[in-house]
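**Q** Take a look at this one; I'll ask things after.
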Amino acid sequence: MKILVIIPTYNELDNLPRLLHEVLSRNDEVNVLVVDDNSPDGTAAYVEKEMQLNNRIHLIKRASKQGLGTAYIAGFKFALQNNFEFIFEMDADFSHDPKEIPKFLNEINNADLIIGSRYITGVNVINWPMRRLLLSWFANLYTRFITGMPVHDATGGFKCFRRKVLEAIDLGNIKSNGYAFQIEMNFKAWKKGFKIKEIPIIFVDRMKGKSKMSRKIVREAVTMVWKLRVKSIFGLLN
Ligand SMILES: Nc1nc2c(ncn2[C@@H]2O[C@H](COP(=O)(O)OP(=O)(O)OP(=O)(O)O)[C@@H](O)[C@H]2O)c(=O)[nH]1
Ligand SMILES: [Mg+2]
């Protein structure tokens, strides 16, 4: 069983040392790929140092900040080239608890994509300001309504894909980069008939480092759900 946890980073030096330890120490079969966008805080240099001590750590260094979506696409391509079977998406900021990884691996036996969901058992979000929580919650209601996709947390970023899902999706044709990226991947997997399962997670707001959320990312998601719906109606989704 080859497992890869992809962690995109931009200035996560405050979080990454402990996160890498927690992810890698729990399961010998887990590899980690950090996709860093030339973080000014030296995140990549730290990873390079750790790579010398542990061959389960991998790094893709990109020249500048290019967004979460393209970072994951680069990570997915690495996963496919290197024969990984189970591929995780995970944030670096401890919003996603490494202890949950075994649960995902257990559930993926009966599904193709596992989504860690903040909204299937009430609202499992800790320390978010009410404004941010409402935005996320309504964004998910809106997404479900427009796309018809039976997913309660379509914007979440703690997920595990089976390799065949990533093989089936045209990664060169993924258009979105922020939260919309998560929606687009889920929607395409769902439309291709893959089995998606949501499992409850508790999401904790970042304690350290800075948020990279922006209005642009929200706007992108608002229009993307319509594009996905229209394309799928006309059979143009690939
Ligand atoms: N490589 C790369 N990683 C990014 C980029 N933007 C965000 N990230 C990483 O993606 C993950 C999620 O980003 P966050 O800033 O936590 O975004 P968020 O979870 O929506 O917002 P907060 O938790 O409030 O900060 C983190 O590990 C970030 O370091 C980017 O442009 N490039
Ligand atoms: Mg975060």
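Be aware that the sequence shown starts at 6, since it is given in my numbering, and climbs by one per residue.
Backbone N, C-alpha and C fix where the C-beta goes; we use that ideal spot for every residue, glycine too.
(1) Looking only at its own chain, which residues have a Cβ that is under 6 Å from the Cβ of K164, when we skip the five neighbours before and after it?
(2) Taking the C-alpha atoms as reference points, what is the distance between T228 and T152?
(3) If D239 sits next to D117, beta carbons under 8 Å apart, how far is it from one beta carbon to the other, in whole angstroms?
(4) Does DSSP put F81 in a helix, a strand or coil?
(5) What first and last residue would you give for the alpha helix (DSSP H) that runs through P107?
(6) From the DSSP secondary-structure annotation, give me the bridge partner or partners of T14.
(7) Let's test the definition: count the other Cβ atoms within 10 Å of the Cβ of A68 and tell me whether it reaches 16, buried, or not, exposed.
(8) What residues in its chain sit with their C-beta under 8 Å from that of E53, if we drop five residues either side in the sequence?
(9) Within 10 Å of its beta-carbon, does W231 have 16 or more other beta-carbons around it, so buried, or fewer, so exposed?
(10) List in chain order: all unbroken alpha helix (DSSP H) runs of 4+ residues lying wholly within the stretch 117-198.
(11) Helix, strand or coil: how does DSSP classify K215 here?
(12) Give me the Cβ distance between L73 and N182, rounded to the nearest whole Å; I'm assuming they're in contact under 8 Å.
(13) I want to check one thing, is the minimum distance from the CB of S100 to the heavy atoms of ligand 2 below 7 Å?
(14) With a CB to CB cut of under 7 Å and the five nearest residues on each side skipped, what residues in its chain are close to Q187?
(15) Are the beta-carbon atoms belonging to P155 and A76 less than 8 Å from one another?
(16) Helix, strand or coil: how does DSSP classify K70 here?
(17) I'd like to know whether the C-beta atoms of F89 and L25 end up nearer to each other than 8 Å.
(18) How far does the alpha helix (DSSP H) with P299 in it reach, from first residue to last?
(19) How close, in whole Å, do the beta carbons of E112 and I204 come, if the pair is a contact with beta carbons under 8 Å?
(20) Mind checking whether the beta-carbon of A185 lies closer than 7 Å to any heavy atom of ligand 1?
(21) Can you list, in chain order, the residues of its chain with a C-beta nearer than 8 Å to that of L85? Leave out the 5 residues immediately preceding and following it.
**A** Inspection of the coordinates gives the following:
(1) The residue given as residue 164 occupies position 159 in the sequence shown. So the list reads E94, I120, once near-sequence residues are dropped.
(2) Residue numbering aside, residue 228 sits at position 223 when the sequence shown is read from its first letter. Residue numbering aside, residue 152 sits at position 147 when the sequence shown is read from its first letter. Distance between the alpha carbons of T228 and T152: 12 Å.
(3) Position 234 of the sequence shown, counted from the start, is the residue given in the question as residue 239. Position 112 of the sequence shown, counted from the start, is the residue given in the question as residue 117. The displayed chain sequence assigns Phe, not Asp, to residue 239. Between F239 and D117 the beta-carbon gap is near 25 Å, outside 8 Å, which marks them as no contact.
(4) In the sequence shown, residue 81 corresponds to position 76, counting from 1. Helix at F81.
(5) Position 102 of the sequence shown, counting from 1, holds the residue named residue 107. Taken as a continuous stretch (DSSP letters only), the alpha helix (DSSP H) holding P107 covers 106-112.
(6) Translated into positions along the sequence shown, residue 14 becomes position 9. Residue pairing of T14 in beta bridges, as defined by DSSP: D41.
(7) Indexing the sequence shown from 1 puts residue 68 at position 63. Classification of A68: exposed, given that the 10 Å Cβ count is below 16.
(8) Start at 1 with the first residue of the sequence shown, and residue 53 comes out as number 48. Closer than 8 Å at the Cβ level, and outside the excluded window around E53, lie L64.
(9) Mapped onto the sequence shown, residue 231 falls at position 226. So W231 ends up on the exposed side.
(10) Listed in chain order, the complete alpha helix (DSSP H) runs (minimum 4 residues) inside the stretch 117-198 are 135-152, 168-173, 184-196.
(11) Walking along the sequence shown from the start, residue 215 turns up at place 210. In this structure, DSSP gives K215 a state outside helix and strand, which the three-state scheme calls coil.
(12) Start at 1 with the first residue of the sequence shown, and residue 73 comes out as number 68. Start at 1 with the first residue of the sequence shown, and residue 182 comes out as number 177. The C-beta distance from L73 to N182 rounds to 6 Å, short enough to meet the 8 Å contact threshold.
(13) In the sequence shown, counting from the first residue as 1, residue 100 sits at position 95. Answer for S100: yes, Cβ within range of ligand 2.
(14) In the sequence shown, counting from the first residue as 1, residue 187 sits at position 182. If we look at Q187 and ignore the five residues flanking it on each side, its Cβ neighbours are A159, T160, G161, G162.
(15) Along the sequence shown, one-based indexing puts residue 155 at 150. Along the sequence shown, one-based indexing puts residue 76 at 71. Contact flag unset, no.
(16) If you number the sequence shown from 1, residue 70 lands on position 65. If DSSP states are grouped into helix, strand and coil, K70 belongs with coil.
(17) Taking the sequence shown and counting its residues from 1, the one referred to as residue 89 is at position 84. Taking the sequence shown and counting its residues from 1, the one referred to as residue 25 is at position 20. Taking 8 Å as the Cβ cut-off, F89 and L25 do not qualify as a contacting pair.
(18) There is no way to answer for residue 299, as the model of the chain reaches only from 6 to 243.
(19) Indexing the sequence shown from 1 puts residue 112 at position 107. Indexing the sequence shown from 1 puts residue 204 at position 199. E112 to I204, Cβ: 6 Å. Contact.
(20) By one-based count along the sequence shown, residue 185 stands at place 180. Checking every heavy atom of ligand 1 against the Cβ of A185, none is found closer than 7 Å.
(21) Along the sequence shown, one-based indexing puts residue 85 at 80. Same-chain partners within the cutoff: R168, L171, E172.
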